[in-house]
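Input: a single structure, listed below in structure tokens.
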Amino acid sequence: MDTSLRYGGESRALRIATNKNPPTVKYAGDVSALKIHAKQKLQIDSNTLLQLSGELDTGTGLPTFLCALVRHSYPTLSASLGAGLHYDKNENLHCTLRGKKAYPVSFNRDVNFVLKGRCNIDQELTQPTPQGALELVWNMLDFQKDQDVRLKLGMEIVDKIPYVQVRENNWTFNVDINGRWNVRYHL
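Structure follows, in structure tokens:
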């Protein structure tokens, strides 16, 4: 089972006191909460798996979402498709469809353009909510001894929000242009 801890917030959570010498930076913990994310992948066949995932908000003690997806990969196309159900903290059940396609930029596939799309459809099948992203992904294996680094520069297509992700072994840092950010530690 993949388990990770996620802590995030918005730029307004950082409080800078400039009237002190030297200036201090404090983080307002009331704006964000630690979330525990768990994911289990069960192999169905060589290219198909059942992915179960959920997230617990430690601030409220309640799950923020539960999700079950059947995912199928197409290795020769560098693509994958998925379909499943997603239940969120607002007690909404959604049908979820998602797809991902990588376009290699370098011969060794260390640099790729990745096109991702997802559409959530409400239980009445009337309210589709599309999302998508285009990413430039650079995987640096053995950046240093026993250290792998991944850099993603992306743009959410629907909301037109650029973002950056830096992953180093078990640590992941995400930030977007609106000041939203989170840090994850993969256990």
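First residue of the sequence shown: 1, per full-length UniProt numbering; consecutive thereafter. The C-beta atom is built at its ideal place from N, Cα and C for all residues, glycine as well.
For Pro75, DSSP assigns no beta-bridge partner whatsoever. DSSP, reduced to helix, strand and coil, places Glu156 within a strand of the structure shown.
Setting aside the 5 residues that flank it on each side, Gly132 is surrounded in the same chain by Leu115, Lys116, Gly117, Arg118, Glu156, Ile157 and Val158, each with a C-beta closer than 8 Å to its C-beta; the list follows chain order. Of the candidates Thr96, Tyr74, Val70 and Ala33, Ala33 places its Cα closest to the Cα of Glu55. Residue environment: Trp171 is assigned as exposed (fewer than 16 neighbouring CB atoms within 10 Å of its CB, all protein chains considered). Ranking Leu93, Gly99 and Asn90 by CA distance to the CA of Ser80 puts Gly99 first. The beta carbon of Ser53 sits closer than 6 Å to the beta carbons of Lys39 and Cys67 from its chain, once the five residues preceding and following it are set aside; these are given in chain order.
Straight-line spacing of the CA atoms in Val137 and Lys41 works out to 23 Å. DSSP places Asp110 in no beta strand (DSSP E); its state is neither H nor E. Look at Glu91 here: in three-state DSSP terms it is coil, with no helix or strand label. When the five nearest sequence neighbours on each side are left out, the beta carbons in the same chain lying within less than 8 Å of the beta carbon of Thr58 are those of Ala33, Leu34, Lys35 and Ile36, in order along the chain. A straight-line Cα-Cα distance of about 45 Å links Glu124 and Leu141.
Gly61 sits exposed, since fewer than 16 C-beta atoms from the chains shown fall within 10 Å of its C-beta.
In this structure, Val164 places its C-beta atom within 9 Å of the C-beta atom of Gly154.
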